[in-house]
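So the sequence shown is residues 1 to 300, counted in UniProt numbering.
Ideal Cβ positions, reconstructed from N, Cα and C, are used throughout, including at glycine.
None of these values were measured; they are calculated from a predicted model.
Here the structure comes first, spelled out in structure tokens, and everything after it is commentary.
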Amino acid sequence: MMMTRVLSTAALAALLFGAAPASAQEGHGGPIPARVNWSFAGTFGRFDTAQLQRGFQVYKEVCSACHSMKLVAFRNLAQEGGPDFTASQVKALAATYQVKDGPNDAGDMFDRPGRPADTFPPPFPNDQAAAAANGGKAPPDFSVIAKARTFSRGSLYFLTDWLPLIGYSEQGPDYIHALLNGYEEAPKDFTVPDGGHYNKYYPGHIIAMPPPITDGQVTYPKNDQGQPVVPETVDQYGKDVAAFLMWAAEPHMMDRKALGFRVILFLIILSGLLYYVKKKIWADVGGEVHGLQPELHKAY
């Protein structure tokens, strides 16, 4: 009976854990994106300011033509822990945009230069216009896309990814980076419909968005030798814009991690103190109980 239970438990575990990679791949629709070595990963991870600035440049010059970012204000770009632009840079940047405002005294809406408190204006006036310009489907907003797009890494990772210190929650940036680098020729036995593009990381492999960026499309700042500070490649563009979108989705992530670490440290110290107090109290109580035992023995 015991052996039967053990074998049954082992079989169930094999079924659950062995099926995890397959189900993850089926749900994602392609190979599992590779894990990127992000500077902001882990308990002590921090955003790379220079990378966030490059990522914003990629978003502004490429992605913003189709994708809105309605929950991010210009002034957020100057906050601590983010791209760290100066207040004057943010003000100048906001002024390059036209923002719909109003109504005025005549009851009419009007356009005005953007202000730091404004959110990024969308590229289309409404979702219907966005859908009409993009093959019938509006491009998603990018405000929290790095948190909304995720995947299961399969195997036993689903048991460890949520744990503090060793957990991993950067699947969204991994997926964004993989998607931008996943365009390739479709296999011979795979039919791509008109208006579609093959991407090995996209669920179903058919994506309406054409390859949005190519090597050398975005010009990065140069070093003293006149060379780009990082390679101007799709791989690097993907990493930079994914990092920026992760910051946009969770701009206070570093504060949250710092607070969480302090809370865990406090709980560890508190647990030690409580254990010491418990031992001290029960040591005294134990001594008193043992001291009463001879008297109780004589009474009986």
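Reduced DSSP category for K280 - H, G, I as helix; E, B as strand; rest coil: helix
Residues bridged to V99 [DSSP beta-bridge criterion]: R112
G238 in three-state terms, based on DSSP: helix
Residues of its chain near V36, where Cβ-Cβ distance is below 8 angstroms and the 5 sequence neighbours each way are ignored: E170, P173, D174, H177, K239 and A242
Inter-residue spacing [alpha-carbon to alpha-carbon] between Y237 and D111: 32 angstroms
Close Cβ partners of G182 (< 8 angstroms) along its chain, the five nearest in sequence each way excluded: G30, N199, K200, Y201 and Y202
C-alpha distance - A50 paired with D215, whole-angstrom precision: 19 angstroms
A94 (DSSP reduced to helix, strand or coil): helix
Cβ pair A73, P123 closer than 8 angstroms: no
Bridge partner(s) assigned by DSSP for A248: For A248, which the question treats as bridged, DSSP gives no partner whatsoever.
Spatial neighbours of F142 in its chain, beta-carbon cut-off 8 angstroms, leaving aside the 5 residues before and after: Y59, C63, H67, S68, M69, L245 and A248
Rounded C-alpha distance that separates P21 from E184: With a pLDDT of 36 at P21, under the threshold of 50, the modelled position of that residue is not reliable, and no figure is offered here.
Cβ-based burial, G114 [other Cβ within 10 Å; buried from 16]: buried
8 angstroms CB neighbourhood of P116 in its chain, flanking five on each side removed: A73, F74, R75, A78, A87, V90, K91 and A94
Residue of T96, F56 and P221 minimising C-alpha distance to P83: F56
Alpha carbon of G136 to alpha carbon of A208, nearest angstrom: 10 angstroms
Residues sharing a beta bridge with I206, DSSP: Y198
DSSP-derived helix/strand/coil call for K222: strand
Element boundaries [alpha helix (DSSP H), containing V144]: It is not in any alpha helix (DSSP H) - V144 carries neither H nor E in the DSSP assignment.
Residues bridged to T119 [DSSP beta-bridge criterion]: A73
Per-residue burial, L179 [other beta carbons within 10 Å of its own, 16 or more giving buried]: buried
Cβ-Cβ separation, A130 to K139 (assumed contact under 8 angstroms), whole Å: The identity of residue 139 in the sequence shown is Pro, whereas the question assumes Lys. Going by Cβ atoms, the distance from P139 to A130 rounds to 6 angstroms, so yes, they are a contact pair.
DSSP beta-bridge partners of Y183: N199
Three-state class that DSSP yields for P83 in the structure shown: coil
Under 8 angstroms between C-beta atoms of V234 and Y220: no
Helix, strand or coil at P173 [DSSP, three-state]: helix
Residue of K280, D118, P33 and S271 minimising C-alpha distance to R149: P33
Element boundaries [alpha helix (DSSP H), containing A129]: D127 to A132
Member of G226, Q225 and Q217 whose CA lies at the smallest distance from the CA of E232: Q217
Expected contact under 8 angstroms - CB spacing of A258 and Y168 to nearest Å: With 8 angstroms as the limit, A258 and Y168 do not qualify as a contact, their Cβ atoms being about 19 angstroms apart.
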